[in-house]
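Chains as they are written, first to last, in our numbering: chain A, 491 to 844; chain B, 216 to 510; chain C, 200 to 474. Where a beta carbon is used, it is the ideal one built from N, C-alpha and C, also for glycine.
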Amino acid sequence: MATITLSNVSKDYGGGPVLRGIDLEIREGEFVALMGPSGCGKSTLLRLIAGLEEPGGGQIRIDGRLVNDVAPKDRDLAMVFQSYALYPHMTVRENMSFALKQRRLPQAEITRAVEGAAAKLGLTALLERKPKALSGGQRQRVAMGRAIVRNPKAFLFDEPLSNLDARLREQMRYEIRKLHRELGATSVYVTHDQVEAMTMADRIVALNDGAIQQVGSPQDLYDNPANLFVAGFLGSPPMNFLDATLAQDGALVVEGQTLARVPPPAGLASDAAVTLGLRPERLALTTPTNSVPTRVDMVEPTGTGRVVHLALGAQRLKLFTMDTRPLAPGETVGLSVPPGAPLLFDPGSGTRVA
Amino acid sequence: MSRALALRLEPYFYTAPSLLLIAAIMLVPLVTGLSYAFHDLILLDPLSGDFVGLDHFREMLNDDGFWTALRNTVVWTAVSVALQFGFGLILALLLDRPFPGRGLVQALVFLPWAVPGFLSGLTWAWLFNPVIGPLPHWLHGLGLLATPENILSDPHLALWGPIAANVWWGIPFFAITLLAALQSIPKDIYEAAAMDGAGPLLRFRRVTLPLLAPTIAITVMLRTVWVANFAELIVVMTKGGPADATQILSSYIFTLAFQRLDFGYASAVAAVLLLLLLAYAAAVMVLRHVMTERA
Amino acid sequence: MSKTFTRALHALALAAFVAFALFPLFWLLKVSLTPDDLMYGEGVRLWPSRVTLDHYGAVLRHTQFPLFFRNSLIVSAATGLFATAAASAAGYAFSRFRFRGKAWVVGVMLISQMFPLVIIVAPIFRLLSPLGLTNSLTGLVVVYTAFNTPFAAFLMQSFFEAIPKDLEEAAMMDGATRFQALRRVILPLTLPGLAATGGFVFTAAWSELLFSLMLNSSAAVSTFPAGLLGFVSKFSVDFGQMMAAGVLALLPVGAFFLLIQRYLVQGLTAGAVKG
């Protein structure tokens, strides 16, 4: 178990920076998700921690020891690759033994460790098979087994579930989480899937354009996003963003209608233009007479409820409801925004203002 | 040594053995060889070795042997490559569709490629020999030859002997390369074209050829350079004769150097050949660049 | 056109290609088996009325071909080994590293494949002679290794490209140095590629005539091609023995080719398509 500390880490491949000024402390035993869209630098960051890439600047420390100049083999980290990277010419047993043999552990100890890990992952019956003869889910387990058999300082996961179908993915999510609780090992998990990040991580590091946007617990990022990027990345259906004006008295005006009132924030010019963020599931349907009238554009049933697409003047927004009353496209319904739901962002910088 | 430095040096560590060897055995001798072009260098003649400037190149202008060889080089290369390519493409298309026994057929038709060059030359020289070879008799039977004689001793026909051997020997190379390229074309493109109502000929012209074009361009260029340099068949089959009628530049260089021992002049001709080939390769690359820019 | 007709046409065309490819080799074999007394009388018949192994016996017992064969075997095997080793390292670097001067290195290797080799015979002779490497099998191995390394490196590169980078990175995370990862994970997976490259180089070395002729004049260190050519110019009417020797020269490369043909196609593909 280890702490991993990054200070002012940067990386540049020659076509502009891939990572800029990354400061991050990953605590002992913590499960941290590096989350962001493809190209945000999350995999590069993981590979820098692994030692598979050289940082352009800054320091990487594991347990306080500067490892910038330490080869991957000497960092004692285990990595699970997106492709699993199982050695095709070796059996499952040989795959799982590789690292231990590399360390010249006695054969008896290797056998014990491999069989223990295999039992934990339900791989015992597959030990003598080659990766070619395994299903996708089994390969994924072997990749996990190869990592845990070593008892490393930390686990690095590079989108390990993205090659699995939805059902298996959900199951592995649960199992990885359970393994983490059992082993208590520091884990860094790269994903572009907000559901994985939300459900698995103790803390999420949201990355975009090579810079950290926000670090915090999943719930914290969900409820209190620091900017438009984080607000829009988490949640499904995603947060609605509306162009609004904030009057002096705290009225939020969208398309000429006052949608909600917020406590008048300090430091904003009167009638300031803001981007109003509204989570679809925080909105409610009412009758048009006692709230803002909007037109129903489309209704999508999801099983648990319905996603209702609404038109408010020239702007569109979505609402999630478990209300079962009949709704037809073209119909006018009332939209109610409960207090506390509106999030306000600066339309220029995207930063949260209230 | 710091890790950063070690990592930076690592690629050179892997490439150094090859590079050193190539530099010592090919590049340095190449430079030396090119410098001979400006010297009067005749082997076994202790008085030779003077710097003569461009004398050899002036001599070339009035050397009928050089001009014949240059003309022959163009014919030899163009005809050989065109026929190798044409038959190679047909063979590749034939092999691209599955049929029982394809593996065996493929191994058999590719076999000539494994035959050493000199042995192909000898074999074909024997086939053209009326005493033990059937070809003169067949050509006579077809009315192509007035008498069943050896075309290798007829100055007007002799070049066709090595060309025949070269085509036989070179078809597999094109077939292999083109077959591989054909098999890398995703099948659903053909299915989409078929759904759009394209017949087999149209599919070949509109789908296959454009997708093969990059492979074709590169392969033809590399092969052209290679065939132009390939003197072995001619040396083995006709020794450039009769009366230098079948010399191409590379076999002419060979004759100049090892029969007349005139290394200076031979090197000058070699330098010209090298220049021509570089110019050709550059032209192909530029053309390819222009074509891809436009597409 | 009916399906049957197309299929028949397809089979016919392939049969023609097979016949064209095999006919010269068949003829070589046929003449090598024809007894001397029938050589001229039945010279152009498709198959002689009597066959004999006499020519093979004569070649093996009364000529120096066994010696030439042995020399060629040594030179080709050693060249195959060394060139494949050097080319694997270079091909690995081409496929895995981005480094300063890479374009130059690749360019140098390409140029080395383009010039008429005749031009460097004399300089190489002058280079090797003082080192005692002319009239020597070692000298030929050195020269052939240099000649074949560039193409072999491109071939190996394409085989390495087919192996995901993840694998050696996984090995490096598992405690291996890059070199250990190459040796224990990547090379075992490239075995077909190594065999194809080795076989290709072997064949090329086995076939080389010019430098063998120029660098080694003594019969004791002649290779098969040089020996055969010498035999042809000396005994140009002893067709039976010449062709028997030719068939013998063909055996090892033919066998090699049939074994590695499939993998070679793979490697060439990747290389050719990439350009």
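query, result
"Proximal residues of chain A, C-beta to C-beta of serine 217/B below 7 Å", "Asp559"
"Beta-carbon proximity of alanine 403/C to methionine 355/C, cut-off 8 Å", "no"
"Nearest-angstrom Cβ-Cβ length linking phenylalanine 647/A and valine 522/A, presumed shorter than 8 Å", "Between valine 522/A and phenylalanine 647/A the Cβ distance is about 10 Å, and since that is not below 8 Å, they are no contact."
"Stretch-stretch touch, CB-based, cutoff 8 Å, three pairs: the stretch 783-797 of chain A with the stretch 819-829 of chain A", "yes"
"Supposed contact pair glycine 279/C and phenylalanine 401/C - C-beta distance, whole angstroms, cut 8 Å", "4 Å"
"From Ala380/B, Glu447/B and Gly479/B, residue whose alpha carbon lies closest to that of valine 267/B", "Gly479/B"
"Reduced DSSP secondary structure (H/G/I, E/B, other) of phenylalanine 455/C", "helix"
"8 Å Cβ cutoff, alanine 369/C in contact with chain A", "yes"
"Contact list for leucine 334/B against chain C, beta-carbon separation under 7 Å", "Gly445, Ala448 and Leu449"
"Touch test, the stretch 655-663 of chain A against the stretch 619-632 of chain A, Cβ-Cβ under 8 Å, three pairs minimum", "yes"
"Nonlocal neighbours in the same chain, by C-beta distance under 8 Å from leucine 354/B, ignoring five residues either side", "Leu360, Pro363 and Ile366"
"Contact with chain B by glutamate 543/A, beta-carbon distance below 8 Å", "no"
"C-beta neighbour in chain B for threonine 396/C, strict 8 Å", "no"
"Members of the stretch 375-387 of chain C near chain A, C-beta cut-off 7 Å", "Ala375, Thr376, Val384 and Pro387"
"Ordered list of alpha helix (DSSP H) runs contained in the stretch 400-441 of chain B, each at least 4 residues", "402-410 and 415-418"
"Cβ pair count under 8 Å reaching 3, the stretch 336-351 of chain C against the stretch 548-555 of chain A", "no"
"Among Met436/B, Ala395/B, His504/B and Ala446/B, the one whose alpha carbon lies nearest that of leucine 493/B", "Met436/B"
"Alanine 701/A - DSSP class collapsed to helix/strand/coil", "strand"
"Proximal residues of chain D, C-beta to C-beta of alanine 603/A below 9 Å", "Among the protein chains in the structure shown, which are A, B and C, there is no chain D."
"Neighbour flag for proline 391/C against chain A, beta carbons, 8 Å", "no"
"CB of leucine 807/A within 8 Å of CB of asparagine 717/A, strictly", "no"
"Simplified DSSP assignment, three categories, for glycine 346/C", "Checking the sequence shown, residue 346/C turns out to be phenylalanine, not glycine. In this structure, phenylalanine 346/C counts as helix in the three-state DSSP scheme."
"Residue nearest to alanine 231/B in terms of C-alpha spacing, selected from Val230/C, Thr348/C, Pro315/C and Ser411/C", "Thr348/C"
"Interface flag, proline 650/A vs chain C, CB-CB below 8 Å", "no"
"Closer than 8 Å to chain B by CB, threonine 278/C", "no"
"Close beta carbons around alanine 741/A, own chain, < 6 Å, minus the five adjacent residues each side", "Thr748 and Arg751"
"Residue burial classification, proline 329/C (beta-carbon count within 10 angstroms, cutoff 16)", "exposed"
"Proximal residues of chain A, C-beta to C-beta of leucine 222/B below 7 Å", "Glu544"
"8 Å contact criterion, which glycine 336/B and glutamate 447/B should meet: CB distance rounded", "6 Å"
"Inter-residue CB distance, arginine 769/A and proline 828/A (contact presumed, cutoff 8 Å)", "In fact, because the Cβ distance is near 11 Å, the residues do not count as touching under 8 Å."
"Separation of glycine 722/A from proline 728/A, as counted between CA atoms", "6 Å"
"Alpha carbon of serine 587/A to alpha carbon of isoleucine 378/B, nearest angstrom", "59 Å"
"Helix, strand or coil at glutamine 462/B [DSSP, three-state]", "coil"
"Alpha carbon of proline 363/C to alpha carbon of threonine 776/A, nearest angstrom", "57 Å"
"Limits of the beta strand (DSSP E) - the one that glycine 547/A falls within", "547-552"
"Leucine 611/A burial status per 10 Å Cβ neighbour count (16 or more: buried)", "buried"
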